[in-house]
Amino acid sequence: MLKILIVEDDVQLATTLKYLVEDNPRYRVVATADDLDGAVAAAAEHLPDLALVDLRLAHGSTGFSVAVRMGDFDIPCFFITGKAPDFPMPDLALGCLMKPFTAEDIHRSLAAAEDLMRGREALRPKMPVNLTLYDKVEEEEGAETQPGYIPSRRSLKTRLEHWIAGTQH
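Positions 1 to 169 (full-length UniProt numbering) are the ones given, in order, by the sequence shown.
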């Protein structure tokens with residue numbers, strides 16, 4: 001059974017998401033939170049296997065900060081949002097499911113997340129059209145290191161700042 005943490009500031013949507021997730025007996029929601037502090041407390045108490053995270057949360061916190069902190073607990077995240085980032089963020093999440101979604105979208109997305117978490121190479125053939133999976137960048141064995149882009153926390157911060165600046169009018 002996959003234990004799931006839901007981080008969503010809209011109580012009605014969090015409740016609906018909980019019911020949709022638990023419609024499949026392989027998944028159980030162990031906690032819900034509406035901001036960064038609640039998510040960290042729930043992660044420490046329940047040690048979920050996966051966090052479903054909205055990007056805009058209560059009390060000025062963001063899903064990006066939640067994803068960073070979930071990384072401290074080795075808990076993978078899956079973004080569920082109305083406005084996806086303009087670029088993939090494999091260092092923060094497995095992927096992103098766009099709202100609105102159906103129960104089938106949730107179940108297929110969770111199955112895909114489970115495949116990625118378990119290291120299964122073959123992903124499910126029918127993926128929701130509103131789902132984007134983020135690919136990890138892997139270095140080829142024996143390849144020489146080329147100068148260029150090297151991922152770091154600073155570059156992630158810069159990318160987030162550019163994304164936020166592009167969404168605020």
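Beta carbons are placed, not taken as given, at the ideal position from N, Cα and C, and that holds for glycine.
For the set D10, T132 and E22, the Cα lying nearest the Cα of D86 is the one of T132. Counting the other Cβ atoms within 10 Å of the Cβ of M1 gives fewer than 16, which makes it exposed. Exposure of V11 is indicated by the presence of fewer than 16 other C-beta atoms within 10 angstroms of its C-beta.
Taking the C-beta atoms as reference points, L17 is found no nearer than 8 Å to A113. Straight across, the Cα-Cα distance linking S61 with L92 is about 15 Å. In the DSSP assignment, M117 falls within the alpha helix (DSSP H) that extends over A103 to R118. The C-beta of E8 has 16 or more other C-beta atoms within 10 Å across all chains shown, which makes the residue buried.
If you ignore the 5 residues before and after L20, its C-beta comes within less than 7 Å of the C-beta of A103 and I106, all in its own chain and listed in chain order.
A Cβ-Cβ distance of about 5 Å is found for the pair L94 and P76, placing them in contact under the 8 Å criterion. Within the model, the alpha-carbon separation for V29 versus F101 is close to 18 Å. Straight-line measurement puts the Cα of K126 at about 31 Å from the Cα of R69. Here S109 is not near F79, since their CB atoms are 8 Å or more apart. Linking T15 to V129 through their CA atoms gives a straight-line distance of about 24 Å. DSSP places L92 outside both helix and strand once states are collapsed to three, so it counts as coil. In the structure shown, R56 falls within a strand segment according to DSSP collapsed to helix, strand and coil.
Listed in chain order, the non-local C-beta contacts of T81 below 6 Å within the same chain comprise D54 and L55, local neighbours out to five positions each way being set aside.
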